[in-house]
Amino acid sequence: MEHLQTQGISVPRLGLGTFRMQGEVCRAAVESALALGYRHIDTAEMYGNEDAVGAAIAASRVPREDLHVTTKVWNENLAPDAIRRAFDASLKKLKLDHVDLYLVHWPSKNMKLPAIFETLMKLKEEGRTRAIGVANFNLAMLKTVVEEIKAPIACNQIEYHVMLDQTPVRKYLDAQSIPLVAYCPLAQGRAASDETLTAIGRKHKASAAQVALKWLLDQDGVAAIPKASRAQSQQANLDALKVKLDEADRKAIAALPKDQRCVNPGFAPAWD
Ligand SMILES: NC(=O)c1ccc[n+]([C@@H]2O[C@H](COP(=O)([O-])OP(=O)(O)OC[C@H]3O[C@@H](n4cnc5c(N)ncnc54)[C@H](OP(=O)(O)O)[C@@H]3O)[C@@H](O)[C@H]2O)c1
Numbered sequence: 010m011e012h013l014q015t016q017g018i019s020v021p022r023l024g025l026g027t028f029r030m031q032g033e034v035c036r037a038a039v040e041s042a043l044a045l046g047y048r049h050i051d052t053a054e055m056y057g058n059e060d061a062v063g064a065a066i067a068a069s070r071v072p073r074e075d076l077h078v079t080t081k082v083w084n085e086n087l088a089p090d091a092i093r094r095a096f097d098a099s100l101k102k103l104k105l106d107h108v109d110l111y112l113v114h115w116p117s118k119n120m121k122l123p124a125i126f127e128t129l130m131k132l133k134e135e136g137r138t139r140a141i142g143v144a145n146f147n148l149a150m151l152k153t154v155v156e157e158i159k160a161p162i163a164c165n166q167i168e169y170h171v172m173l174d175q176t177p178v179r180k181y182l183d184a185q186s187i188p189l190v191a192y193c194p195l196a197q198g199r200a201a202s203d204e205t206l207t208a209i210g211r212k213h214k215a216s217a218a219q220v221a222l223k224w225l226l227d228q229d230g231v232a233a234i235p236k237a238s239r240a241q242s243q244q245a246n247l248d249a250l251k252v253k254l255d256e257a258d259r260k261a262i263a264a265l266p267k268d269q270r271c272v273n274p275g276f277a278p279a280w281d
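Take 10 as the starting number for the sequence shown in this note's numbering and just add one per residue.
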């Protein structure tokens with residue numbers, strides 16, 4: 010598995026998303042993924058599943074240093090003392106003494122970015138998170154964090170897939186050598202039944218979902234975190250790394266509609 014190097018951490022380019030899985034279902038899915046070789050797990054306090062993720066990690070006996078765990082602070086907890094409380098609760102549920110990446114999950118209208126990043130930086134200095142980052146930040150917010158606050162963010166986790174254009178944000182992240190972690194990389198499953206992707210897949214003895222994932226992972230500086238509850242889909246997503254797309258495939262994918270957003274980060278102005 011290829012990794013992205015960013016701010017002192019090494020992030021496996023394919024991870025397991027865990028949104029909408031909780032309890033036993035989540036524990037079983039994470040255990041299965043770890044057994045298949047996944048080493049990057051994406052969770053969040055908002056998903057209500059950090060305890061299940063923690064139980065799966067503990068049961069797996071994968072050496073901690075081989076594992077990348079991302080969790081996130083929800084936007085109601087962005088005051089400095091609230092971040093600390095949320096972080097402590099996340100670590101406790103995950104049964105870990107540190108996470109690899111701690112993200113601001115979702116912007117809020119009244120967030121005070123300098124105070125937020127001062128707190129996140131302290132957590133990093135204390136060794137409780139190895140790196141910090143953001144999710145759902147638009148270009149203006151990114152510029153504030155990178156150019157004014159100069160926070161060493163290790164990624165921006167945003168929705169990105171074959172049916173959604175993210176060129177402006179991607180170009181900025183590229184120029185700053187900041188990885189883009191693609192969430193909803195399968196457009197919440199819609200990519201799996203797309204006719205164009207199915208036809209491309211037929212050529213390569215691959216599924217439409219595998220084509221969608223490989224299109225993302227062929228791009229420099231991009232990681233993807235598909236959610237898959239079943240071992241068969243988890244394995245298929247790992248196998249997507251072997252698919253070889255050609256110019257004609259990329260042209261057909263470029264012609265797909267690029268305005269199919271699955272998640273709308275509330276108040277965020279146009280992602281320009
Ligand atoms: N930062 C944020 O604000 C944010 C927002 C949204 C998501 N995320 C993260 O990104 C992760 C992924 O996004 P998502 O879960 O919304 O959507 P997604 O990964 O694009 O799609 C998940 C859907 O695709 C299906 N699937 C997975 N592999 C497949 C395969 N090989 N063939 C056919 N279908 C397949 C899953 O099936 P099953 O139902 O059978 O598992 C599920 O229904 C989340 O779990 C979460 O960790 C972050």
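Even glycine gets a Cβ: it sits at the ideal position worked out from N, Cα and C.
- What is the DSSP secondary structure of Ser242, reduced to helix, strand or coil? helix
- Query: Using DSSP with H/G/I as helix, E/B as strand and the rest coil, what is Glu54?
  - Reply: helix
- Query: Going along the chain, which residues of its own chain have a beta-carbon closer than 6 Å to the beta-carbon of Gln175, five neighbours each way excluded?
  - Reply: Tyr169
- Message: If I measure Cβ to Cβ from Ile18 and keep anything under 8 Å in the same chain, skipping five residues before and after, which residues do I get?
- Response: His77, Asp109, Leu110, Arg139, Ala140 and Ala163
- Would you mind reading off the limits of the beta strand (DSSP E) that contains Asn128? Correcting the residue type first, residue 128 is Thr in the shown sequence and not Asn. Per DSSP, Thr128 belongs to no beta strand (DSSP E); it is in the alpha helix (DSSP H), Leu122 to Glu134.
- Whose CA, out of Asp106, Leu87, Ala91 and Ile50, lies closest to the CA of Thr80? Ile50
- Query: Within the present structure, is the beta-carbon of Val272 separated from the nearest heavy atom of ligand 1 by less than 7 Å?
  - Reply: yes
- Message: Please report the straight-line C-alpha distance between Ala67 and Asn58, rounded to a whole angstrom.
- Response: 14 Å
- Query: Between the beta-carbon of Val82 and the beta-carbon of Phe96, is there less than 8 Å?
  - Reply: yes
- Message: With H, G and I counted as helix, E and B as strand and the rest as coil, what does DSSP make of Pro266?
- Response: coil
- Message: Given 7 Å as the limit, tell me if Lys251 has its C-beta closer than that to any heavy atom belonging to ligand 3.
- Response: As for ligand 3, it is missing from this structure, which binds only ligand 1.
- For Thr79, the three-state DSSP class (helix, strand or coil): strand
- Message: At the level of alpha carbons, what is the spacing between Ile209 and Pro177?
- Response: 27 Å
- Item | Expected contact under 8 Å - CB spacing of Pro188 and Thr15 to nearest Å | 5 Å
- Cβ-based neighbour list, Ser75, same chain, cut-off 8 Å, excluding 5 preceding and 5 following: The residue asked about is misnamed: residue 75 is Asp in this sequence, not Ser. The answer, listed in chain order, is Arg48.
- Expected contact under 8 Å - CB spacing of Asn84 and Pro123 to nearest Å: That pair is no contact at about 17 Å.
- Message: Could you tell me the alpha carbon to alpha carbon distance between Leu23 and Ala233, rounded to whole angstroms?
- Response: 5 Å
- Report the three-state DSSP secondary structure of Ser19 (helix, strand or coil). strand
- Task: Could you tell me how far apart the beta carbons of Leu13 and Leu247 are, in whole angstroms, since I believe they sit closer than 8 Å?
- Result: About 17 Å; that fails the 8 Å criterion.
- Message: Checking 8 Å against the spacing of the C-beta atoms, do Leu250 and Val171 come in under that value?
- Response: no
- Message: In this structure, how does DSSP classify Glu11 when only helix, strand and coil are distinguished?
- Response: coil
- For ligand 1, any of its heavy atoms closer than 7 Å to the Cβ of Ala44? no
- Can you grab the Cα-Cα spacing for the pair Gln197 / Gln243, in whole Å? 15 Å
- Query: Cα separation between Ala64 and Lys236?
  - Reply: 18 Å
- Nearest to Glu127 (by Cα), restricted to the options Lys223, Ala160 and Lys101: Ala160
- Task: Can you grab the Cα-Cα spacing for the pair Asp281 / Leu25, in whole Å?
- Result: Model confidence at Asp281 stands at a pLDDT of 33, short of 50, so the residue's coordinates are unreliable; what they give is reported in the following sentence. Computed Cα separation, rounded: 28 Å.
- Message: Just checking Lys236 against ligand 1 - is the residue's beta carbon closer than 7 Å to any of the ligand's heavy atoms?
- Response: yes
- Task: Can you give me the start and stop residues for the beta strand (DSSP E) that Arg139 sits inside?
- Result: Thr138 to Ala144
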